[in-house]
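What follows is the structure, given as C-alpha cells:
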C-alpha cells in the first residue's frame with residue numbers, strides 16, 4: 407500500500423461507518439462485511455475477493471488507534487483525498503502530481519528543494535519509510551547470548567554465584583561502532599536509514615525484514631573500518647559474576663535480562679540465557695522439589711520397628727520413627743528438607759527403606775534365625791501369589 411493510496415482511499419466509506427465511529431462500531435462493521443465477502447463464502451468471485459481485500463485494508467488502518475490518527479491527520483491535511491490548491495489556481499489550469507510530495511519531484515515542485523526531503527517523512531512511522539536526506543537510524547537492541555554452567559548438586563539446591571566468561575559482539579572500539587574508519591558512515595540507500603525493507607504479502611499489506619545491504623543497521627561505511635570490516639561490531643570477551651537461584655534443576659535454562667551483548671546507538675542490551683548442568687550426588691537424588699535418599703535398615707528394625715537416623719543435605723540428621731512390620735521399599739517423608747521452591751519454601755526429603763540382608767552371620771545370630779524359621783514354619787508368604795496366579 408503506497409502513501410498516495412493511504413491518503414486517497416476513504417476507509418470509512420469502505421466499512422460504511424461515520425468518521426466519528428467508535429472502535430466497537432468499526433469492529434462490528436468489519437466483522438459483518440468480512441463474513442459477507444470472505445473468499446470461502448464466494449468461491450470463484452473475483453469481485454468479492456477484491457472487496458474483501460479492501461475491507462481488510464480499511465480495518466487494518468481504522469482498527470489501529472495510532473494508524474487511524476495518522477490517517478485522519480493526513481486526510482485533513484490533503485482535504486480528504488485531494489490536494490487543495492491555493493487561491494488563484496483555476497480549475498482547468500492546475501496540474502498537480504501527488505507523487506511530487508513524496509520525494510520524487512524536482513526543485514521547487516515538492517522535491518527536496520520545496521518540502522525538505524518530501525512528505526514521505528511525515529508518514530515514515532506508518533510505512534517504514536525514511537526521508538531522502540535524513541538519517542533515520544534507531545537504537546538497536548544487543549544480541550542474546552547463550553552459555554552453559556556446571557554446578558554441584560548442593561550448589562543447585564542452595565544457589566550459587568559463579569563466574570562466567572562470555573564472548574559476544576559489541577560496538578567496535580576502533581570506529582566507535584560506526585563501521586567507518588573515519589567515523590562518518592552514510593545512510594543506507596536501500597532502506598533510507600530505517601534498517602528495514604518491505605516485502606509484499608498480498609491484500610495490500612506489507613511486512614518488513616532487516617535490510618540485506620546494511621544488515622539492519624541503517625548505516626553503511628564509506629570507508630570500512632579495518633578492525634570490524636565495516637560491520638561496526640567486534641568480538642569481545644568479558645567475565646561476570648552470575649547468581650544462579652536456589653532450586654535449579656539439571657537442564658534448566660535461566661534468562662538474565664540485560665546481561666547479553668551491548669546495544670547500538672543507545673539501544674538496550676540483550677539477554678543472557680544460561681543452561682544449567684547439575685552433577686549427580688553420591689547419596690541424594692531429586693524428584694521435582696523433593697530430594698530422595700535410600701536408607702538401609704536391619705531386618706529386626708523393619709520387623710520390630712524403631713527409630714532411624716537419616717542424613718540431610720547440608721544440615722543435621724533427622725530421626726524417623728519406623729513402625730513395626732515396615733516392608734522393604736516403603737517411602738517416608740521428612741518435611742521441609744528438600745529443594746528450595748520459587749516461593750522460598752522447601753520441598754520434602756523422601757526416605758525409602760531398604761532392608762539389609764547380612765552376608766555373614768555369627769553363630770549366635772544364625773541360631774536365632776534358625777529358631778525364628780522353625781517358629782514360622784507354617785507360614786507361606788507366597789501362598790497368595792500362587793492363588794492369584796491360578797485364578798487369573
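In our numbering, the protein residues as written are 407 to 798. We put the beta carbon where it would ideally sit given N, CA and C, even for glycine.
message = Could you pull the DSSP bridge partners for residue 463 from this structure?
response = As a first step, residue 463 is located in the chain shown; it is residue number 57 there, counting from the start. For residue 463, no pairing in a beta bridge is given by DSSP.
Whole-number beta carbon distance between residue 597 and residue 638, since they are thought to touch under 8 Å = Taking the first residue of the chain shown as 1, we reach residue 638 at position 232. Taking the first residue of the chain shown as 1, we reach residue 597 at position 191. Between residue 597 and residue 638 the Cβ distance is about 15 Å, and since that is not below 8 Å, they are no contact.
Secondary structure, beta strand (DSSP E): runs of 3+ residues fully inside the stretch 594 to 653 = The stretch 594 to 653 contains, as complete beta strand (DSSP E) runs of 3+ residues, the segments 602 to 608, 611 to 616 and 639 to 650 (chain order).
task = Pair every Cβ in the stretch 656 to 666 with every Cβ in the stretch 761 to 772, then say whether three or more of these pairs are closer than 8 Å.
result = The stretch 656 to 666 vs the stretch 761 to 772: no contact.
task = With DSSP as the reference, label residue 486 as helix, strand or coil.
result = Looking up residue 486 in the chain shown gives position 80. Summary for residue 486: the model assigns pLDDT 48, below 50, so the residue's position carries little reliability; its value from the coordinates is reported in the next sentence. In the three-state reduction of the DSSP assignment, residue 486 falls in the coil class.
task = Thinking residue 757 and residue 699 are a contact (beta carbons under 8 Å), I'd like their distance in whole angstroms, please.
result = The residue labelled residue 757 in the question sits at position 351 within the chain shown. The residue labelled residue 699 in the question sits at position 293 within the chain shown. Correct: roughly 6 Å between the Cβ atoms.
ask   = What are the boundary residues of the beta strand (DSSP E) that includes residue 785?
value = Counted from its first residue, the chain shown places residue 785 at position 379. Unbroken run through residue 785: none, as it is neither H nor E.
ask   = If you count every other CB in all the chains shown that lies within 10 Å of the CB of residue 778, and 16 or more means buried, which is it?
value = In the chain shown, counting from the first residue as 1, residue 778 sits at position 372. By the neighbour-count rule (16 or more Cβ atoms within 10 Å), residue 778 is not buried but exposed.
task = Give a yes or no on whether the C-beta atoms belonging to residue 619 and residue 605 are separated by under 8 Å.
result = Translated into the one-based positions of the chain shown, residue 619 becomes position 213. Translated into the one-based positions of the chain shown, residue 605 becomes position 199. No, these two residues do not count as a Cβ contact at 8 Å.
ask   = Three or more beta-carbon pairs under 8 Å between the stretch 730 to 739 and the stretch 670 to 683, yes or no?
value = The way I'd put it, the stretch 730 to 739 doesn't touch the stretch 670 to 683; fewer than three beta-carbon pairs between them come closer than 8 Å.
Straight-line gap, residue 449 to residue 457 (C-alpha atoms, nearest Å) = As a first step, residue 449 must be located in the chain shown, where it is residue number 43. As a first step, residue 457 must be located in the chain shown, where it is residue number 51. Rounded to the nearest angstrom, the gap between the Cα atoms of residue 449 and residue 457 is 13 Å.
inquiry  = Let's see if you can read the secondary structure: which residues bound the beta strand (DSSP E) around residue 682?
reply    = Position 276 of the chain shown, counting from 1, holds the residue named residue 682. Taken as a continuous stretch (DSSP letters only), the beta strand (DSSP E) holding residue 682 covers 678 to 684.
ask   = alpha helix (DSSP H) containing residue 560: first to last residue?
value = Counted from its first residue, the chain shown places residue 560 at position 154. Residues 559 to 564.
key: Among 701, 446 and 455, the one whose alpha carbon lies nearest that of residue 735   = Working through the chain shown from its first residue, we reach residue 735 at position 329. Ranking the options by Cα distance to residue 735, first place goes to 701.
key: Where residue 449 sits in the DSSP three-state scheme   = For the purposes of this step, residue 449 is identified with residue 43 of the chain shown, where counting begins at 1. Three-state result, residue 449: coil.
ask   = With a cut-off of 8 Å, do at least 3 Cβ pairs link the stretch 585 to 593 to the stretch 679 to 688?
value = The stretch 585 to 593, when compared against the stretch 679 to 688, does not touch it at the 8 Å Cβ threshold.
ask   = When you compare each of 459, 433, 435 and 432 to residue 445 by their alpha carbons, which one comes out closest?
value = Residue 445 sits at position 39 when you count from the first residue of the chain shown. Closest option to residue 445, Cα to Cα, is 459.
ask   = If we count the other Cβ atoms within 10 Å of its Cβ and call it buried at 16 or more, is residue 465 buried or exposed?
value = One-based indexing of the chain shown puts residue 465 at position 59. By the Cβ neighbour-count rule, residue 465 is buried, with 16 or more other Cβ atoms within 10 Å of its own.
query = Hey, how far is the Cα of residue 746 from the Cα of residue 550?
reply = Here residue 746 corresponds to residue number 340 of the chain shown, with the count starting at 1. Here residue 550 corresponds to residue number 144 of the chain shown, with the count starting at 1. Each residue's Cα considered, the two are about 28 Å apart.
ask   = Which stretch, first to last residue, makes up the beta strand (DSSP E) that contains residue 719?
value = On the chain shown, residue 719 is found 313 positions in, with the first residue counted as 1. Here residue 719 belongs to no beta strand (DSSP E), and DSSP marks it neither H nor E.
task = Give the DSSP-derived three-state secondary structure of residue 727 in the structure shown.
result = Counting from one through the chain shown, the residue named residue 727 turns up at place 321. In the three-state reduction of the DSSP assignment, residue 727 falls in the strand class.
query = Thinking just about the alpha-carbon of each residue, which of 636, 783, 634 and 595 is nearest to the one in residue 617?
reply = Position 211 of the chain shown, counted from the start, is the residue given in the question as residue 617. The candidate whose alpha carbon is nearest that of residue 617 is 595.
request  = Taking residue 438 as part of the alpha helix (DSSP H), name the residues at either end of that continuous run.
outcome  = Position 32 of the chain shown, counted from the first residue, corresponds to residue 438. It spans 429 to 443 - the alpha helix (DSSP H) in which residue 438 sits, taken as one unbroken run.
task = Determine the direct distance from the alpha carbon of residue 788 to that of residue 772, and round the result to whole angstroms.
result = Working through the chain shown from its first residue, we reach residue 772 at position 366. Working through the chain shown from its first residue, we reach residue 788 at position 382. For residue 772 and residue 788, the distance between alpha carbons rounds to 23 Å.
query = If you follow the alpha helix (DSSP H) that residue 419 is part of, which residue opens it and which one closes it?
reply = Indexing the chain shown from 1 puts residue 419 at position 13. Counting along the chain, the alpha helix (DSSP H) containing residue 419 begins and ends at 417 to 421.
Among 714, 471 and 797, the one whose alpha carbon lies nearest that of residue 738 = Locating residue 738 in the chain shown gives position 332, where the first residue counts as 1. Taking residue 738 as reference, the option from 714, 471 and 797 with the minimal CA-CA separation is 714.
inquiry  = Per the DSSP calculation, residue 662 is bridged to which residue(s)?
reply    = Taking the chain shown and counting its residues from 1, the one referred to as residue 662 is at position 256. The secondary-structure analysis by DSSP pairs residue 662 across a beta bridge with 678.
key: Terminal residues of the alpha helix (DSSP H) in which residue 697 lies   = For the purposes of this step, residue 697 is identified with residue 291 of the chain shown, where counting begins at 1. For residue 697, there is no enclosing alpha helix (DSSP H); the residue is found in the beta strand (DSSP E) stretching over 696 to 703.
request  = Would you identify the three-state DSSP class for residue 587, choosing helix, strand or coil?
outcome  = Translated into the one-based positions of the chain shown, residue 587 becomes position 181. The answer is coil: DSSP assigns residue 587 none of H, G, I, E or B.
ask   = Within 10 angstroms of its Cβ, does residue 398 collect 16 or more other Cβ (buried), or is it exposed?
value = With the chain represented from 407 up to 798, any question about residue 398 goes unanswered, as that position is not in the structure.
key: Three-state class that DSSP yields for residue 673 in the structure shown   = Stepping through the chain shown from its first residue, residue 673 is reached at position 267. DSSP places residue 673 in coil when its eight states are reduced to three.
query = Can you give the beta carbon distance from residue 649 to residue 679, rounded, assuming they're within the 8 Å contact cut?
reply = The count along the chain shown starts at 1 and reaches residue 649 at position 243. The count along the chain shown starts at 1 and reaches residue 679 at position 273. Incorrect: roughly 15 Å between the Cβ atoms, too far for contact.
inquiry  = Given a cut-off of 8 Å on the beta-carbon distance, is the pair residue 719 and residue 584 in contact?
reply    = Translated into the one-based positions of the chain shown, residue 719 becomes position 313. Translated into the one-based positions of the chain shown, residue 584 becomes position 178. Contact flag unset, no.
ask   = For residue 442, which residues of its own chain have a beta-carbon under 7 Å away from its beta-carbon, when the five flanking residues on both sides are left out?
value = Sequence index remark: in the chain shown, residue 442 carries index 36 (1-based). Closer than 7 Å at the Cβ level, and outside the excluded window around residue 442, lies no residue.
query = Any idea if residue 644 is buried or exposed, counting beta-carbon neighbours within 10 angstroms, 16 or more meaning buried?
reply = Taking the chain shown and counting its residues from 1, one reaches residue 644 at position 238. Per the 10 Å Cβ criterion, exposed.
request  = Thinking residue 623 and residue 601 are a contact (beta carbons under 8 Å), I'd like their distance in whole angstroms, please.
outcome  = Against the chain shown, residue 623 aligns to sequence position 217. Against the chain shown, residue 601 aligns to sequence position 195. Confirmed, Cβ separation roughly 6 Å.
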